[in-house]
Amino acid sequence: MASIQEGQIDLFGGTAARCEYYPVLIPDEGTLREIHALNEVLVTQLGLKPSQLVKMPHISIDGIICPENDLKVTASITEFLLQQSPLSVSFSEVGYFPGRGGVTVKLGIRNPDPILAFNRQFMTAVQGKITKLNLHLTLARYVNRELFDLMNQHNIIYPKSCICRSVAILKKRDKEKGPYVNIGTVDFGL
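Quick note: to get my numbering, add 10 to the position in the sequence shown (first position is 1).
Listed below in structure tokens is the structure:
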């Protein structure tokens with residue numbers, strides 16, 4: 011019997027692998043430049059070491075766990091986003107949370123209601139699961155545990171707001187450890 015390669019149809023009734031699709035809101039280009047400049051200050055002036063587990067700046071929303079089908083999931087997400095307006099997001103305090111590979115720097119969300127409503131509509135449209143979100147903008151991940159103390163000792167300028175007009179679709183096998191893979195970006199509100 012020939013082996014079955016990934017991506018082929020299993021004619022013998024096997025089930026497709028289950029994957030977690032994790033759409034994340036991406037800040038506008040201006041805010042991404044501000045975040046890049048902030049990270050440069052943290053690395054060059056404060057001597058922080060970026061983690062090799064790179065974090066893309068993003069605002070996490072809920073995801074979808076379903077049989078692997080990138081085209082179908084991307085089409086569902088695109089169909090929903092075609093009807094959406096850009097999201098205006100204001101940031102509050104800076105914070106962090108520890109994790110594997112270092113400390114993740116984040117900004118709180120000052121106006122969560124529009125994002126929570128967007129998330130509810132989004133997950134309903136794509137048959138995802140709505141959870142209790144801890145809304146924040148992930149800025150970057152660093153190795154240094156003393157990061158927060160260093161940041162509070164300097165006058166560091168953080169982004170104040172952003173406009174989200176795109177969603178990156180991240181994916182990994184359900185219950186699998188390791189990083190997500192970005193399978194594409196979908197713009198909206200254009």
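Glycine included, C-beta positions come from ideal geometry on N, C-alpha and C.
Asked	Found
S86 versus V136 - alpha carbon distance	6 Å
Bounding residues of the beta strand (DSSP E) (the contiguous stretch that carries G73)	No beta strand (DSSP E) holds G73; DSSP gives it neither H nor E.
Under 8 Å between C-beta atoms of I75 and V83	no
Assumed close pair I193, D72 - CB separation to whole angstroms, cut-off 8 Å	17 Å between Cβ atoms; not a contact.
Bridge partner(s) assigned by DSSP for D197	S176
Residue from E39, T88, E78, L92 whose Cα sits closest to the Cα of P67	E39
For I119, the first and last residue of its enclosing beta strand (DSSP E)	112 to 119
Which of helix, strand or coil DSSP assigns to P33	strand
Other residues of its chain near F90: CB distance less than 8 Å, five sequence neighbours each side excluded	Q131, F132, A135, V136
Y106 beta carbon less than 8 Å from that of V113	yes
Rounded straight-line distance, which links the Cα of H146 to that of I69	6 Å
Cβ separation of L143 and N129, assumed to be a contact under 8 Å, to the nearest whole Å	7 Å
Terminal residues of the beta strand (DSSP E) in which V51 lies	Premise fails: V51 lies in the alpha helix (DSSP H), 39 to 54, not in any beta strand (DSSP E).
Which listed residue (Y31, P96, L56, T88) has its alpha carbon closest to that of C174	P96
Residue(s) in a DSSP beta bridge with R183	C29
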